[in-house]
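What follows is a short report on a single structure.
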Amino acid sequence: MKERLNQFSSAPPQTRMLVCADGSTTLLLDALVGERLSVRIDHQQQVPAAHVRRIGCQILGAAPDALVVDRQTRILTPDDEVISVNRVVIAGRESDRLVPPPDELLGPYLKKVGLALKREPIAVSRDIWPLGGTSPACVSKEYIIDCGSAGRVYVHERFNPRFVPLEPRHTLEPLERDG
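Mind the numbering: the sequence shown is residues 1 to 179 in this note's numbering, read in order.
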């Protein structure tokens with residue numbers, strides 16, 4: 001964790017909290033925005049693990065011919081602003097059980113179905129915000145959610161720099177005047 005803090009030492013507190021947390025990212029983003037978030041699926045299909053070899057075979061340990069779920073989503077605020085862009089790959093004997101319904105966020109869904117969840121961090125880094133804008137650099141987080149005998153889930157999140165900035169915002173505060 002100390003390494004993560006060093007890498008983001010100049011980032012605002014909410015960014016440092018997000019990169020150091022080993023629990024539910026969804027709960028932290030809900031708290032950051034102050035409202036319930038929603039999900040939009042951009043892409044989801046079953047593919048042989050060999051099609052996503054680094055993730056499916058090397059990280060999740062699936063056999064090359066095993067089917068995995070390759071899913072790309074966006075987490076949205078109530079105003080439909082994108083707060084994160086995510087790549088999720090799900091592998092395991094019960095991988096179908098680990099796929100949330102289209103309107104449910106992954107983390108809360110996995111918790112709701114009663115699985116014992118253990119998060120294993122892979123990396124936290126600076127990345128490129130895939131949706132453009134004036135701040136192309138963003139915070140990126142990769143981890144595994146181990147769901148026991150049901151399977152394993154790889155998650156790669158890239159956070160909108162408007163919500164999770166790399167650097168503190170420097171705005172001029174109005175001058176306070178005496179009496």
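Virtual Cβ for every residue (Gly too), placed ideally from N, Cα, C.
All values derive from a computational prediction rather than experimental measurement.
Checking the sheet assignment: what are the DSSP bridge partners for residue i?
{"i": "H43", "result": "Q72"}
{"i": "L67", "result": "P48"}
{"i": "C181", "result": "Outside the displayed span of the chain (1 to 179) sits residue 181, for which this structure offers no information."}
{"i": "V155", "result": "V88, Y143"}
{"i": "S38", "result": "L76"}
Note down the Cα distance separating residue i from residue j, rounded to an integer number of angstroms.
{"i": "L60", "j": "K118", "result": "14 Å"}
{"i": "A62", "j": "R40", "result": "26 Å"}
{"i": "M17", "j": "D30", "result": "13 Å"}
{"i": "L37", "j": "R158", "result": "16 Å"}
{"i": "G107", "j": "E142", "result": "14 Å"}
{"i": "E81", "j": "A123", "result": "25 Å"}
{"i": "L46", "j": "V52", "result": "What sits at residue 46 in the sequence shown is Gln, not Leu. Approximately 11 Å, taken between the alpha carbons."}
{"i": "A116", "j": "W129", "result": "32 Å"}
{"i": "R162", "j": "G133", "result": "10 Å"}
{"i": "H43", "j": "R152", "result": "19 Å"}
{"i": "N6", "j": "P168", "result": "15 Å"}
{"i": "C57", "j": "L76", "result": "30 Å"}
{"i": "D65", "j": "D103", "result": "29 Å"}
{"i": "E120", "j": "G23", "result": "10 Å"}
{"i": "I199", "j": "G34", "result": "The structure shown does not extend to residue 199, since the chain is modelled only from 1 through 179, so no value can be given for it."}
Can you have a look at residue i and say buried or exposed, based on whether 16 or more other CB atoms are within 10 angstroms of its CB?
{"i": "A150", "result": "buried"}
{"i": "N160", "result": "buried"}
{"i": "S140", "result": "buried"}
{"i": "L131", "result": "exposed"}
{"i": "S9", "result": "exposed"}
{"i": "R74", "result": "buried"}
{"i": "N86", "result": "buried"}
{"i": "A91", "result": "buried"}
{"i": "P78", "result": "exposed"}
{"i": "R71", "result": "buried"}
{"i": "P100", "result": "buried"}
{"i": "D127", "result": "buried"}
Do residue i and residue j have their C-beta atoms within less than 9 Å of each other?
{"i": "P12", "j": "P136", "result": "no"}
{"i": "V155", "j": "T15", "result": "no"}
{"i": "L32", "j": "A21", "result": "no"}
{"i": "S95", "j": "V68", "result": "yes"}
{"i": "R105", "j": "C147", "result": "It should be noted that the sequence gives Leu, not Arg, for residue 105. Not closer than 9 Å, so no."}
{"i": "I55", "j": "V89", "result": "yes"}
{"i": "I144", "j": "L110", "result": "no"}
Does at least one heavy atom of the ligand MN sit under 8 Å from the Cβ of residue i?
{"i": "L110", "result": "Questions concerning the ligand MN fall outside what the structure shown contains, since it holds no ligand whatsoever."}
Any chance you could list the beta strand (DSSP E) runs of at least 3 consecutive residues sitting entirely within the stretch 75 to 122, in chain order?
82 to 91
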